[in-house]
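S.K.: Let me begin by handing over the structure; questions about it come next.
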Amino acid sequence: MNFFNLFKSKTQPETTQLKKCTETKSQKIQFETKFTATDLTLDKVLIKSIVDKMVKEDPFKNFYTGKVDADFSPLSKRVYKYDAITTVNVNLLVDSKNHYNITVEGIELGSVPQSISKEFTHYYETYLLTAYAYATGGYYKEYSSETQKVIEGFDPYGLDLYVQFT
């Protein structure tokens with residue numbers, strides 16, 4: 409008996425058909441919104457402390473999205489130092505007055521504006537909350553056509569917050 413005949417004689421295992429997953433009501437995004445930290449508070453020190461904690465907790469710390477000065481050219485866009493810093497440690501808590509308070513990295517940021525929180529009441533108890541925050545602003549690098557060098561600058565820190573219910 410030939411070695412290859414051994415494989416030919418084996419029967420092929422039956423394949424099982426995969427059942428189609430049907431999308432249920434709970435898998436669909438029911439509501440989503442985006443707002444900034446300045447919609448909740450104007451306290452720049454508070455926002456900076458949250459960004460600092462996000463940076464501290466980030467395991468990758470990919471500053472300037474991994475770019476070095478040699479990567480910049482006249483066609484390059486501005487790149488922020490904390491551009492890639494995000495967190496999913498965002499919580500939405502309801503107080504006794506039915507205000508929705510946002511905490512990021514365990515630090516209370518403020519109450520969600522009434523215009524947005526009206527929408528939350530329909531979904532908060534029934535659907536799964538997914539929320540995350542992106543750091544914005546801070547130190548940046550960009551190519552200057554005037555000096556033909558990479559320049560550094562600073563914009564105030566901020567946070568973009570995304571909230572969705574599925």
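Per my numbering, the sequence shown starts with residue 409, numbered consecutively. Every residue gets a Cβ at the ideal spot worked out from N, C-alpha and C, and that includes glycine. In this text the structure is predicted, and so the values were computed from the model without any measurement.
Taking the straight line between their C-alpha atoms, what separation do you get for residue 530 and residue 504?
M.R.: Residue 530 and residue 504: Cα-Cα distance of roughly 17 Å.
S.K.: What are the boundary residues of the beta strand (DSSP E) that residue 483 is part of?
M.R.: No beta strand (DSSP E) holds residue 483; DSSP gives it neither H nor E.
S.K.: Quick one: is residue 451 buried, meaning 16 or more other Cβ sit within 10 Å of its Cβ, or exposed?
M.R.: By the neighbour-count rule (16 or more Cβ atoms within 10 Å), residue 451 is not buried but exposed.
S.K.: DSSP three-state label for residue 518, please.
M.R.: Residue state, collapsed to three classes: strand.
S.K.: Decide if the segment 509-516 is in contact with the segment 466-486; the criterion is three or more beta carbon pairs, one per stretch, under 8 Å apart.
M.R.: No, the segment 509-516 does not touch the segment 466-486.
S.K.: Along the beta strand (DSSP E) that carries residue 568, what are the first and last residues, could you check?
M.R.: From DSSP, the beta strand (DSSP E) with residue 568 extends over 557-573.
S.K.: From residue 528 to residue 461, what does the alpha carbon distance come to, in whole angstroms?
M.R.: Using only the alpha carbons, I get a separation of about 27 Å.
S.K.: Using the Cβ count rule (16 or more neighbours within 10 Å means buried), how would you classify residue 453?
M.R.: Residue 453 should be labelled exposed.
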